[in-house]
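Asks: Dropping the structure in here first, questions after.
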Amino acid sequence: MAATAGSSLKPSREFALARLLNREAPLGYALLLPALAILVVFVAYPFAFGLWLALTDSTIGRLGHFIGLANFAYILRDPIFTQALGNTMAYTFVTVFFKLTLGLALAAVLHIEFRFNRFTRAAMLLPWIIPTVLSTLAWLWMFDSTFSVFNRMLAWIHVTGPSWLGQFPWPMISLMTVNVWRGTPFFGVSLLAAMQMVPADLYEAAVVDGAGPWRRWLHVTVPTIRPVILITTLLSIIMTFADFQVIWILTKGGPVNQTQVLSTYAYVVGIQGTDIGIGAAISLFMFPVLCVSIGIILWLLHRD
Amino acid sequence: MVAAPRLRTGRKVVAIASVLVALVFTLFPFYWMFVSALKPDKDLYDAQGNPFAWHGITFAHFQFLFTQTHFLQWLVNSTIVATASTAISLACSILAGYSLARLRYRGAGVLGWTFFVTYLVPQTLLFLPLTAVVVKFHLLGSLLGLILVYPTFLIPFCTWMLMGYFKSIPRELEESGLVDGCSRLQAMFKLILPLAVPGVLSAGIFAFTLSWNEYIYALVFISDGAMKTIPIGVPSELVRGDVFFWGELMAGALLGSVPVALLYSFFVDQFVSGLTSGAVKG
Numbered sequence: 432m433a434a435t436a437g438s439s440l441k442p443s444r445e446f447a448l449a450r451l452l453n454r455e456a457p458l459g460y461a462l463l464l465p466a467l468a469i470l471v472v473f474v475a476y477p478f479a480f481g482l483w484l485a486l487t488d489s490t491i492g493r494l495g496h497f498i499g500l501a502n503f504a505y506i507l508r509d510p511i512f513t514q515a516l517g518n519t520m521a522y523t524f525v526t527v528f529f530k531l532t533l534g535l536a537l538a539a540v541l542h543i544e545f546r547f548n549r550f551t552r553a554a555m556l557l558p559w560i561i562p563t564v565l566s567t568l569a570w571l572w573m574f575d576s577t578f579s580v581f582n583r584m585l586a587w588i589h590v591t592g593p594s595w596l597g598q599f600p601w602p603m604i605s606l607m608t609v610n611v612w613r614g615t616p617f618f619g620v621s622l623l624a625a626m627q628m629v630p631a632d633l634y635e636a637a638v639v640d641g642a643g644p645w646r647r648w649l650h651v652t653v654p655t656i657r658p659v660i661l662i663t664t665l666l667s668i669i670m671t672f673a674d675f676q677v678i679w680i681l682t683k684g685g686p687v688n689q690t691q692v693l694s695t696y697a698y699v700v701g702i703q704g705t706d707i708g709i710g711a712a713i714s715l716f717m718f719p720v721l722c723v724s725i726g727i728i729l730w731l732l733h734r735d
Numbered sequence: 241m242v243a244a245p246r247l248r249t250g251r252k253v254v255a256i257a258s259v260l261v262a263l264v265f266t267l268f269p270f271y272w273m274f275v276s277a278l279k280p281d282k283d284l285y286d287a288q289g290n291p292f293a294w295h296g297i298t299f300a301h302f303q304f305l306f307t308q309t310h311f312l313q314w315l316v317n318s319t320i321v322a323t324a325s326t327a328i329s330l331a332c333s334i335l336a337g338y339s340l341a342r343l344r345y346r347g348a349g350v351l352g353w354t355f356f357v358t359y360l361v362p363q364t365l366l367f368l369p370l371t372a373v374v375v376k377f378h379l380l381g382s383l384l385g386l387i388l389v390y391p392t393f394l395i396p397f398c399t400w401m402l403m404g405y406f407k408s409i410p411r412e413l414e415e416s417g418l419v420d421g422c423s424r425l426q427a428m429f430k431l432i433l434p435l436a437v438p439g440v441l442s443a444g445i446f447a448f449t450l451s452w453n454e455y456i457y458a459l460v461f462i463s464d465g466a467m468k469t470i471p472i473g474v475p476s477e478l479v480r481g482d483v484f485f486w487g488e489l490m491a492g493a494l495l496g497s498v499p500v501a502l503l504y505s506f507f508v509d510q511f512v513s514g515l516t517s518g519a520v521k522g
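Written out as structure tokens, the structure is:
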């Protein structure tokens, strides 16, 4: 008797589980579990841990003591930090401005039908697809102090080119150029996709009103795709503010901190200098920009 | 292409000229990478002559790469890490994306947006505490560490992309399956997932590319030369002191770009739609 009861218990348990997983809410939470587990362990926990680290005198391999806001007081008095913060803002502001402008122009031109249009679009996205570190190495070679291809071409017209990564203000300009080179396709393609969604009758109405191509673009295209322009710009601000690869490969923040930004300085202090607490405090300065940008993006997306 | 405008000749010339300038600016670094990988040293290190002159083609740089460095090992490591982290991320994201897009329960909306926000958090904000966490789990210096950490930026992205895909599949399909006696899980795997294959493919290609290109985590977590991935291996062993092995660096950069470039050439449209859904919807 007992044996039969035991064997009938097991399938009914399985049945209960199957029934539970057939209801929307339990199944919904269960399917989320694997993804959430990874994100909690490797994103939420490190984030909270980072907040704590920034308030301690920890070094790599040794968890320190709580020292309040001393790290922040220290870095705010550190002239290199102030310089890095200023450089980050300049780098972001200038490159996003050019990426947006060139991206709008690129999208407007690619929107016109011409032969090789598909090829051109595919080619334009390459800088965004190819591993940034590897394409930046090609730029490093093109900026080489002795064998720069730019300087060798400038020599044709008897101009001595600058030391692109050595001599003020060229290092920052060179970094910005590479960042614009890499980031413009992102703008171009997302703006182009938005432009292709603009209803044709809007253009027809503008033509009836006698608007030329330039005014059509300014008064029909741009206002219609404005949400996409804004969101793409904000995404780019986030990515550029946190950029590391281009700068680390080309200058490592040098010469003498001329191109130091928050991410490279956090790496220099936190990893190379092993002061992980101070490094965590430095990278937290990206947080306000991130919060504001995300806030605006969410607001824009919810409005629609 | 409904509203694509056509232009008069004068404007056309300006448009074509600007496309050509943009193309040269875009492609020149790749051209330079390519020719530098094949030129003999005496052409590379000639500051006086015409930079576009060739005196023969050499494969010596590639040979050096495969015989004198860990390049082959890096290629294997990059492939292992990108494949494994993509597989983990896709598995988690298919389940999570289906759950968030198709099932109704409390908090689904907020959780969906949480994934989106996580996708926007840059790696450089988290890398220091994450290093401490990786040290704690004894994953520093191992490929397993990268395989477990890369899903942190792949899962939010793939989930968001797949949510959009699942939402576009009509609900009636599932409901008819439920009426026919399928369980919800069966309906998901047998009816919905096959229709979402193009979305899964796009998300997978993107995830593979993103992990192939990842730099800062690999830079911080891996120091052993034989354990490196391509982006951190190439600039490390080919720069010795002050000496840059430019031919070899360019050969390594070229070969390291090939897998991504191949994927890209086969799936241009997925890349474009992925990029735009990335920008427009998340």
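The listed protein sequences correspond, in order, to chains A and B. The first sequence begins at 432 in the working numbering and counts up one residue at a time. The second sequence begins at 241 in the working numbering and counts up one residue at a time. All C-beta atoms in this analysis are idealised placements derived from N, C-alpha and C, irrespective of residue type, glycine included.
1. Could you tell me if residue 579 of chain A is buried or exposed, where buried requires 16 or more neighbouring beta carbons within 10 angstroms of its beta carbon?
2. Give the list of continuous beta strand (DSSP E) stretches no shorter than 3 residues that lie fully inside the region 334–366 of chain B.
3. Using a cut-off of 7 Å between C-beta atoms, extract the partners of residue 333 of chain B located in chain A.
4. Can you pull the chain A residues whose beta carbon is under 8 Å from the beta carbon of residue 490 of chain B, in chain order?
5. List the residues of chain B whose Cβ lies closer than 7 Å to the Cβ of residue 453 of chain A, in chain order.
6. Where does residue 308 of chain B land, buried or exposed, given buried means 16+ other C-beta within 10 angstroms?
7. Counting C-beta neighbours from all protein chains within 10 Å, is the total for residue 471 of chain B 16 or more, i.e. buried, or is it exposed?
8. Could you please tell me which residues of the region 696–712 of chain A, in chain order, have their CB closer than 7 Å to any CB of chain B?
9. So residue 551 of chain A contacts chain B; which residues on that side make the cut at Cβ distance below 7 Å?
10. In three-state terms, what does DSSP make of residue 487 of chain A?
11. Is the CB of residue 612 of chain A under 8 Å away from at least one CB in chain B?
12. Would you mind telling me which residues of chain A sit closer than 9 Å to residue 285 of chain B, beta carbon to beta carbon, in chain order?
13. Quick one: list the residues of chain A neighbouring residue 392 of chain B, beta-carbon separation under 7 Å, in chain order.
14. What separation, rounded to the nearest whole angstrom, lies between the Cα atoms of residue 277 of chain B and residue 638 of chain A?
15. Sorted by chain position, which residues of the same chain lie with C-beta nearer than 7 Å to residue 474 of chain B's C-beta, five sequence neighbours on each side aside?
16. Name the chain B residues whose beta carbon is nearer than 9 Å to that of residue 563 of chain A?
17. Roughly how many angstroms separate the alpha carbons of residue 503 of chain B and residue 559 of chain A, rounded to a whole number?
18. With a threshold of 6 Å on Cβ separation, who are the neighbours of residue 396 of chain B within its own chain once the five nearest residues in sequence on each side are excluded?
19. Quickly, what does DSSP pair residue 484 of chain B with across the bridge? List them, please.
20. Go ahead and pull the three-state DSSP assignment for residue 497 of chain A.
21. In chain B, what lies closer than 9 Å to residue 669 of chain A by C-beta?
22. For chain B, check one thing: does any of its Cβ atoms lie closer than 8 Å to the Cβ of residue 725 of chain A?
23. Do the CB positions of residue 457 of chain B and residue 343 of chain B come within less than 8 Å of each other?
24. Helix or strand or just coil, what does DSSP make of residue 541 of chain A?
25. So what's residue 454 of chain B in DSSP terms, helix, strand or just coil?
26. I need the boundaries of the alpha helix (DSSP H) containing residue 250 of chain B, first residue and last residue.
27. Compare the C-beta of residue 558 of chain A against all C-beta atoms of chain B and say whether one is closer than 8 Å.
28. In angstroms with no decimal places, state the Cα-to-Cα distance between residue 425 of chain B and residue 370 of chain B.
29. Mapping DSSP to helix, strand and coil, what is residue 726 of chain A?
30. Excluding sequence positions up to five away, which residues of its chain have a Cβ less than 6 Å from the Cβ of residue 448 of chain B?
31. Since residue 563 of chain A contacts residue 677 of chain A with CB under 8 Å, what's their CB separation in whole angstroms?
32. Between residue 373 of chain B and residue 480 of chain A, is the Cβ-Cβ spacing less than 8 Å?
33. Quick check on the DSSP output: the alpha helix (DSSP H) that includes residue 402 of chain B runs from which residue to which?
34. To the nearest angstrom, how far is it from the Cα of residue 610 of chain A to the Cα of residue 693 of chain A?
35. Once the 5 residues before and after residue 391 of chain B are set aside, which same chain residues still bring their CB inside 8 Å of it?
36. Pairing CB atoms from the region 605–621 of chain A with CB atoms from the region 543–561 of chain A, are three or more of them under 8 Å?
Replies: Once the coordinates are examined:
1. Residue 579 of chain A counts as buried, since no fewer than 16 other beta carbons sit within 10 angstroms of its beta carbon.
2. none
3. 466
4. Ordered by position in chain A, the residues that pass the 8 Å Cβ test against residue 490 of chain B are 568, 569 and 572.
5. 423 and 424
6. exposed
7. Here residue 471 of chain B is buried. Its C-beta has 16 or more other C-beta atoms within 10 Å.
8. 697, 701, 702, 707, 710 and 711
9. Against chain B, the beta carbon of residue 551 of chain A has neighbours under 7 Å at 259 and 263, listed in chain order.
10. strand
11. yes
12. Result: 577 and 578.
13. 469, 470, 473 and 474
14. If you draw a straight line from the Cα of residue 277 of chain B to the Cα of residue 638 of chain A, it is about 52 Å long.
15. Close CB contacts of residue 474 of chain B within its chain, under the 7 Å cut and outside five residues either way in sequence, are with 489, 492, 493 and 496 (chain order).
16. 453, 455 and 471
17. 14 Å
18. Here the set comprises 355, 358 and 359.
19. B/479
20. Residue 497 of chain A sits in a strand when the DSSP states are folded into three classes.
21. 360, 361 and 362
22. yes
23. No, these two residues do not count as a Cβ contact at 8 Å.
24. Reduced to three states, the DSSP call for residue 541 of chain A is helix.
25. coil
26. 249–278
27. Yes, residue 558 of chain A lies at the interface with chain B (some Cβ there is under 8 Å from its Cβ).
28. 35 Å
29. The answer is helix: DSSP assigns residue 726 of chain A an H, G or I state.
30. Result list for residue 448 of chain B: 322 and 326, in chain order.
31. 7 Å
32. yes
33. 391–407
34. Between residue 610 of chain A and residue 693 of chain A, the C-alpha separation is close to 16 Å.
35. 325, 328, 329 and 332
36. At 8 Å Cβ cutoff, the stretches touch.
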